[in-house]
Amino acid sequence: MMLTTTADEWWATAVGYCLDIKRFTDSDGDGRGDLAGLGAHLDHLVDLGVDFLWFQPFYPSPEGDDGYDISDYYGVDDGMGTLGEFVEVVRAARERGMRVIVDLVVNHTSDEHPWFQSARSDPDSPYRHWYVWREEPDPEDADADIIFPDAEDSVWSRDEVAGLYYRHRFYRHQPDLNTSEPEVRDEIRRIMGFWLQLGVAGFRVDAAPFLAETATRDGDADDTGPASTSGSSSGERDEQLDDDTALDESLAMLDVMRTFLSRRSAEAVMLGEVNKPRDEIAPFFGGAGQRMTMCFDFTLNQALYLAMARGDSGPVREAVESRPELTEGKSWGLFVRNHDELTLDQLSDDERQEVFDAFGPEEEVQLFGRGLRLRLPTMVDGDRDRMELAYCLTWSLPGTPVLYYGEEVGQLEDLSIPGRLSVRTPMAWAAGDAGPGPVVAEQERDPDSLLHFFRRMLRAYRGRPELGRGAVRLVDVGEPSVLAHTMTWRGRTVLALHSLRDAPVTVTVPDGVVEPGTELVELLTSSPVTVPDGAFEVELPRFGRVWLGDT
1 MMLTTTADEW WATAVGYCLD IKRFTDSDGD GRGDLAGLGA HLDHLVDLGV DFLWFQPFYP
61 SPEGDDGYDI SDYYGVDDGM GTLGEFVEVV RAARERGMRV IVDLVVNHTS DEHPWFQSAR
121 SDPDSPYRHW YVWREEPDPE DADADIIFPD AEDSVWSRDE VAGLYYRHRF YRHQPDLNTS
181 EPEVRDEIRR IMGFWLQLGV AGFRVDAAPF LAETATRDGD ADDTGPASTS GSSSGERDEQ
241 LDDDTALDES LAMLDVMRTF LSRRSAEAVM LGEVNKPRDE IAPFFGGAGQ RMTMCFDFTL
301 NQALYLAMAR GDSGPVREAV ESRPELTEGK SWGLFVRNHD ELTLDQLSDD ERQEVFDAFG
361 PEEEVQLFGR GLRLRLPTMV DGDRDRMELA YCLTWSLPGT PVLYYGEEVG QLEDLSIPGR
421 LSVRTPMAWA AGDAGPGPVV AEQERDPDSL LHFFRRMLRA YRGRPELGRG AVRLVDVGEP
481 SVLAHTMTWR GRTVLALHSL RDAPVTVTVP DGVVEPGTEL VELLTSSPVT VPDGAFEVEL
541 PRFGRVWLGD T
């Protein structure tokens, strides 16, 4: 298997698990999850087959955006534990064969961060140019996309203390950092170095396309504080960045981060939140230092739900065929559900409406006109076949699967929690726990539970590295509802078939896809199959899924 490559590129065949510490396990009964509780359930993740954990923000925060508004990048929120406990958990995970990556949220800070408090209160503050200020909102931002249109109507807000407007791509209590300032870039590297020193294996980079925010230095902003003395600083530019230049700045910031990361750790990864269409995502993988190790495949994810709504594999086929070719060691992040609303912004209005009609027609479950605030079990009315299909199909394609905590037991949302937070519900480990939906202990005892299905699927996945790393070839089996493809890597092949049809279907695998006489095994059930001469038929039940691997 050429261990020199596979050991170094550990992420290429790994399985990730995103978890929110404050909702995972409450060890002391205060109603908030903590590091001690997480440590007590690491073996659950080992048994599941997880290779790396992604911790959502656990830093001190006023919780104006569920922890993504950070007030201290060098600590652990008091309610979740201490730095000492963090190190213990990272070490305990590593001893069990699991690495840890953490959220890196450096597009913005909390407005309660000491940097912003200093910047707003004193024009001569050394932190003044760590943020983006103007006398009036930049007219170029009049048509800027509003990330949270339910709460904001502009990316500029006036700060009465400073007497100036400051830029915020997200909520107004999350002022944008001016990442073009050399001092800010140094601080970001310092943050990365701190957590690497404590044992993490990389970062999930939040809002990667929005990393560059440059202070405008036109006539009405000259009094916002001391200009930078660096020739590369945005402080010496005369015009606001246009869209292309802003992208270049974001990519340059990623170069800075990647170069530093590679220098400090040979194994560390950068996993990017990059919700961009196919023709815009390739630069986030490339460049100096090769930027992102992985980017989440939002295009595939949205195509999956459109395909499920239609009962037609076409959207997934198109998403696979349109993927840009990646260089060695790069990977797509695969997911069925994540911690935000189910974003459908890359679909057309009509396509998005198809998904709404199929999985969330009620207005209360739709968000921002672009997504759904439901978890998968609710969207498919608890249909186990359809749930299993979604995961098997997604994980059979090239990439690195990442589970969102609770998916392995069919975690439910709580619509009484506003907005996209409805899907961020606490785990129910035992009867009587506060979390909605299935109880982990009950599924543990039931061999037919969803939890045991995930364990079987993960065993099959981990035993066949061609599923994550292989070259994909789409196969025409004459039935639009069925996605058929092979994954081949270093002489081994898996043939995967997935039916999006709510009825049994028989398809014909063409001659030549698999050599006649090949001994195959159905990986999800361990059943043997011998391929006859010529084309052969495969019977699929409703929402059927089959992984056939050569022995």
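Count the sequence shown with UniProt numbering and you get residues 1 to 551, in order. From the three backbone atoms N, C-alpha and C, an ideal C-beta is built for every residue, glycine too. Just so we're clear, the structure is a prediction, and the values are computed from it rather than from any experiment.
Whether residue i touches residue j by CB criterion (7 Å)
| i | j | result |
| --- | --- | --- |
| SER396 | ALA496 | yes |
| ASP159 | ARG120 | yes |
| GLY382 | TRP332 | no |
| GLN346 | THR299 | yes |
| GLU364 | ARG420 | no |
| PHE543 | ARG375 | no |
| ALA144 | VAL155 | yes |
| GLY64 | HIS173 | yes |
| ASP511 | GLY534 | yes |
| ARG492 | GLU466 | yes |
| THR179 | ARG469 | no |
| ASP46 | VAL15 | Before going further, note that residue 46 is Val rather than Asp in the sequence given. Not in contact: VAL46 and VAL15 (Cβ atoms no closer than 7 Å). |
| VAL87 | LEU198 | yes |
| VAL355 | ALA430 | no |
| ILE188 | VAL106 | yes |
| ARG204 | TRP54 | yes |
| ARG263 | PHE210 | no |
| GLU112 | SER157 | no |
| SER313 | LEU548 | no |
| SER118 | SER125 | yes |
Own chain partners of residue i with C-beta closer than 7 Å, once the 5 adjacent residues on each side are dropped
| i | result |
| --- | --- |
| SER230 | At SER230, the pLDDT of 32 sits below 50, so the modelled position is not reliable; the number obtained from the coordinates is stated separately. For SER230, where only same-chain residues beyond five positions count, the Cβ hits under 7 Å are PRO182. |
| ALA201 | PHE52, ARG99, VAL100, ILE101, GLU267, ALA268 and VAL269 |
| PHE285 | ARG291, MET292, CYS295, LEU326 and LYS330 |
| PHE453 | GLU388 |
| PRO277 | THR299 and GLN346 |
| TRP195 | VAL102 |
| GLU318 | ALA303 |
Beta-ladder partner(s) of residue i, from DSSP
| i | result |
| --- | --- |
| SER180 | DSSP output for SER180 lists no bridge partner at all. |
| LEU495 | THR486 and LEU548 |
| MET270 | PHE203 |
| VAL475 | ALA484 |
| TYR391 | None, per the DSSP bridge assignment. |
| VAL505 | LEU540 |
| GLN366 | LEU372 |
| GLU103 | First, the residue type needs correcting, since residue 103 is Asp and not Glu in the sequence shown. DSSP lists ARG204 as partners of ASP103. |
| ASP159 | LEU164 |
| PHE24 | DSSP, once it has assigned bridges, lists no residue as partnering PHE24. |
Own chain, CB closer than 6 Å to residue i, minus 5 neighbours either side, in chain order
| i | result |
| --- | --- |
| HIS41 | THR25 |
| VAL540 | Looking at the sequence itself, residue 540 is Leu, so the reference to Val does not match. So the qualifying residues of the chain are SER499 and VAL505. |
| PHE536 | VAL509 |
| ASP8 | none |
| PRO436 | LEU412, ASP414 and THR425 |
Same chain only: Cβ atoms within 8 Å of residue i, ignoring 5 sequence neighbours per side
| i | result |
| --- | --- |
| TYR405 | TYR17, CYS18, LEU19, ASP20, ARG23, PHE24, GLN411 and MET427 |
| PHE368 | PHE148, PRO149, ASP150 and GLU341 |
Spatially closest choice to residue i from the options, by CA coordinates
| i | options | result |
| --- | --- | --- |
| ARG32 | VAL256, PHE58, VAL409 and THR13 | PHE58 |
| ASP103 | ASP141, VAL76 and GLN302 | VAL76 |
| VAL184 | ARG128, GLY199, ALA207 and ARG473 | ARG128 |
| GLY478 | VAL538, GLU515, TRP195 and PRO436 | VAL538 |
| CYS295 | ARG190, ASP145, GLY517 and ALA207 | ALA207 |
| PRO175 | GLU321, TRP11, VAL132 and VAL15 | VAL132 |
| TYR74 | VAL87, PRO60 and GLY81 | PRO60 |
| SER27 | ALA471, MET487 and GLY81 | GLY81 |
| PRO139 | PRO123, ARG167 and PRO126 | ARG167 |
| PRO315 | LEU467, PRO324, THR259 and ALA303 | ALA303 |
| ARG545 | PRO137, GLY517 and SER481 | SER481 |
| ASP150 | GLN366, LEU403, ALA434 and ALA12 | GLN366 |
| ASN338 | GLU273, VAL513 and ASP34 | GLU273 |
| ALA93 | ASP297, ARG323 and ALA36 | ALA36 |
| ALA460 | PRO447, ARG501 and SER526 | SER526 |
| THR343 | VAL161, PRO377, LEU306 and MET257 | LEU306 |
| ASP448 | ARG384, GLY435 and LEU393 | ARG384 |
| GLU152 | LEU403, TYR171 and LEU458 | TYR171 |
| VAL502 | LEU450, GLY311 and SER348 | Sequence inspection shows Asp at residue 502; the Val mentioned does not correspond to that position. Measuring from the Cα of ASP502, the nearest candidate turns out to be GLY311. |
| GLY193 | ARG96, PHE260 and ALA441 | PHE260 |
Inter-residue CB distance, residue i and residue j (contact presumed, cutoff 8 Å)
| i | j | result |
| --- | --- | --- |
| PRO528 | GLU519 | 7 Å |
| PRO389 | MET379 | Inspection of the sequence shows that residue 389 is occupied by Leu rather than by Pro. LEU389 to MET379, Cβ: 13 Å. No contact. |
| ARG456 | LEU524 | 7 Å |
| residue 577 | VAL439 | Not covered by the structure: residue 577. The range shown for the chain is 1 to 551. |
| LEU177 | TRP130 | 6 Å |
| LEU38 | GLU408 | Actually they are not in contact, since the Cβ atoms of LEU38 and GLU408 sit about 15 Å apart, beyond 8 Å. |
| ALA212 | GLU249 | 3 Å |
| VAL475 | VAL513 | 6 Å |
| SER79 | ASP34 | Inspection of the sequence shows that residue 79 is occupied by Gly rather than by Ser. The pair is a contact, with the Cβ atoms about 7 Å apart (cut-off 8 Å). |
Interface flag, residue i vs chain C, CB-CB below 7 Å
| i | result |
| --- | --- |
| SER499 | In the structure shown, chain C does not exist; there is a single protein chain. |
Any non-hydrogen atom of the ligand HEM closer than 6 Å to residue i Cβ
| i | result |
| --- | --- |
| ASP385 | The ligand HEM is not among the ligands present in this structure, which contains no ligands whatsoever. |
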